[in-house]
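A short write-up of the structure that comes next.
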Amino acid sequence: MRFTSFRTRRTRLWVLLVLTAGLALSGCRAAVKTQAPTEGEVYVYVASPLSGFQANGGQTVLGGVNMMAEELNRSGGLRGYRVIVVPMDDESDSDVAVLVAEQVKADIAAGRQVLGLIGHYNSGQTLAAMEIYKDLPLVVITPTSSELSITQKGYSNFFRVNANDLVQANVDAQFLTETLGVKRVAVVHNDTEYGIGLRDAMVRALAERGAGAAITIQVSEGQEFYDQELPMIQQAGPDAIFYAGYEIEAPYLRFAVIQAGIDVPFLASDGAFLAATIDYAEGTAEGMYVSGFAPSPQQAVDQAWIKMYQEVESRNPDTYSINGYTALQVLAEGVKNTGSFDATKVSDAIRSISIQTPMGVLAFSPNGDLQDASIYIFQVKNDAFVQVYP
Numbered sequence: 078m079r080f081t082s083f084r085t086r087r088t089r090l091w092v093l094l095v096l097t098a099g100l101a102l103s104g105c106r107a108a109v110k111t112q113a114p115t116e117g118e119v120y121v122y123v124a125s126p127l128s129g130f131q132a133n134g135g136q137t138v139l140g141g142v143n144m145m146a147e148e149l150n151r152s153g154g155l156r157g158y159r160v161i162v163v164p165m166d167d168e169s170d171s172d173v174a175v176l177v178a179e180q181v182k183a184d185i186a187a188g189r190q191v192l193g194l195i196g197h198y199n200s201g202q203t204l205a206a207m208e209i210y211k212d213l214p215l216v217v218i219t220p221t222s223s224e225l226s227i228t229q230k231g232y233s234n235f236f237r238v239n240a241n242d243l244v245q246a247n248v249d250a251q252f253l254t255e256t257l258g259v260k261r262v263a264v265v266h267n268d269t270e271y272g273i274g275l276r277d278a279m280v281r282a283l284a285e286r287g288a289g290a291a292i293t294i295q296v297s298e299g300q301e302f303y304d305q306e307l308p309m310i311q312q313a314g315p316d317a318i319f320y321a322g323y324e325i326e327a328p329y330l331r332f333a334v335i336q337a338g339i340d341v342p343f344l345a346s347d348g349a350f351l352a353a354t355i356d357y358a359e360g361t362a363e364g365m366y367v368s369g370f371a372p373s374p375q376q377a378v379d380q381a382w383i384k385m386y387q388e389v390e391s392r393n394p395d396t397y398s399i400n401g402y403t404a405l406q407v408l409a410e411g412v413k414n415t416g417s418f419d420a421t422k423v424s425d426a427i428r429s430i431s432i433q434t435p436m437g438v439l440a441f442s443p444n445g446d447l448q449d450a451s452i453y454i455f456q457v458k459n460d461a462f463v464q465v466y467p
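Following this line, the structure appears as structure tokens:
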């Protein structure tokens, strides 16, 4: 289902949490040089949902990429070439994602110097598009796709700067069982590749810790009403609810659960780690938990970073701005280490680097996964995400 009303709904701005923060990573400050690129142009595509119900998430990724490109260009570009960012709207639709990939392929065939692609945002679109990207002279770095199988297909040009579903499920299950002390979890998920994959990983992770799924329930992507599911949850009598899905379902499920008087901890996955989850829950988000790929902005960036983001984007950073920024930072580091735009050389270089980013020190496995991926857990307190783990 698609809900166009999401295009116009307001966004709560995380930067309210960070404007007074003084914490910073030394490697994450905005560039200060102003040397202009002189050699020409090199293109980086960003494939994300830029319209429709997930537009805000995709736009936060694009904003982070735009900021990193601006930093590079103020410092002379990459190898003297100006980095041009090209937004590509996949509409959160796998068929559209294939069309995006075909356009990228056509642009490369026409002679455009395309260095890489940051995307896709969702796992389903990434899986669909990679069947085309895998054969192109192109480095692909997803900022957010977590489905486990993506890095098990032998792609030589694919990387992700976020944890996969296995890592997320293990951390979330550990938090539920050890920190919250629960044993029986209602595992609810949407019907996407992401939701189904994370469901399976969570069920296994709970079992490995002596806990279990009291019930598993599949809902539809974009579902807003849960009259049929609530009695099932109540009858199962869980100690907690885990939701694997997006911000277009999680707040409505949370609202329904609270209205039904089901008073148990509620943990949503990274797909719900957007301000919309708070905004659309109609006051019921307070106290719920959400897991995410990046640490709190209070620990990841400083005010100089935020100020430059505002300058470049004319808006404040949101949840996945850091992911987009980091993805292009990794791509640029691969170019710098090889002195080349050759996709094979850059991919090989990325596999060997260790780089300080706003998401921590990143290093990659041969299959494109992070060697030491992290998951962070937040709780909604006073209408804001507050990091509670680690």
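Residues 78 to 467 (the numbering used here) make up the sequence shown, in order.
Ideal placement from N, C-alpha and C gives every residue a C-beta, glycine not left out.
Computed from a predicted model, the values in this text were never measured in an experiment.
Does residue i pass the burial test, meaning 16 or more other C-beta atoms within 10 Å, or should it be called exposed?
i	result
proline 435	buried
proline 126	buried
threonine 137	buried
valine 121	buried
valine 438	exposed
valine 173	buried
serine 226	exposed
alanine 113	exposed
serine 224	According to the sequence provided, residue 224 is glutamate. The question's serine does not apply to it. That one is buried.
glutamine 202	buried
valine 181	buried
aspartate 446	buried
proline 394	buried
phenylalanine 302	exposed
asparagine 459	exposed
Taking the CB atoms as reference points, tell me whether residue i and residue j lie closer together than 8 Å.
i	j	result
isoleucine 478	tyrosine 366	For residue 478 there is no data in the structure shown, the boundaries of the chain being 78 and 467.
glutamate 326	glutamine 300	yes
alanine 290	alanine 246	no
serine 424	serine 233	yes
alanine 542	leucine 155	Outside the shown range of the chain, which is 78 to 467, sits residue 542, and nothing can be said about it.
threonine 396	phenylalanine 441	no
histidine 197	alanine 206	yes
phenylalanine 130	serine 171	no
serine 346	leucine 275	yes
glutamate 306	isoleucine 318	no
glutamine 464	serine 368	no
valine 265	leucine 330	yes
alanine 358	asparagine 133	no
tyrosine 386	glycine 348	no
Helix, strand or coil for residue i per DSSP?
i	result
glutamine 456	strand
proline 308	helix
asparagine 267	strand
threonine 471	Residue 471 lies beyond the stretch modelled for the chain, which goes from 78 to 467, so this question has no answer here.
aspartate 490	The chain is shown from 78 up to 467; residue 490 falls before or after that span and cannot be answered.
glycine 141	helix
tyrosine 402	helix
phenylalanine 332	helix
threonine 228	helix
alanine 124	strand
glutamine 387	helix
glutamine 464	strand
valine 160	strand
alanine 146	helix
alanine 317	strand
When every heavy atom of the ligand GTP is checked, does at least one fall within less than 7 Å of the C-beta of residue i?
i	result
lysine 230	No copy of the ligand GTP occurs in the structure displayed, which carries no ligand at all.
| request: Examine the Cβ distances between the segment 138-145 and the segment 395-403 and report whether three or more of them are shorter than 8 Å. | output: Under the Cβ criterion (8 Å, minimum of three pairs), the segment 138-145 counts as touching the segment 395-403.
| Uninterrupted alpha helix (DSSP H) stretches inside the segment 162-217 (no shorter than 4 residues) | 171-186 and 200-210
| What alpha helix (DSSP H) runs, 4 residues minimum, are completely inside the segment 236-297? | 242-251 and 270-285
| At least 3 beta-carbon pairs within less than 8 Å: the segment 254-264 vs the segment 312-320 | yes
| said: To test your reading of the DSSP string, which unbroken beta strand (DSSP E) runs of 3 or more residues are found completely within the segment 343-373? | reply: 343-345 and 366-369
| task | Write down every uninterrupted run of the alpha helix (DSSP H) in the segment 412-458 whose length is 4 residues or greater and which is fully enclosed by it, in chain order. | result | 420-429
| request: Answer yes if the segment 236-253 comes into contact with the segment 445-453, meaning at least three C-beta pairs across the two stretches below 8 Å, and no otherwise. | output: yes
| field | contact_flag[the segment 212-231, the segment 184-204] where n(CB pairs < 8 Å) is 3 or more | value | Look at the beta carbons and you see the segment 212-231 touching the segment 184-204: at least three pairs across the two are nearer than 8 Å.
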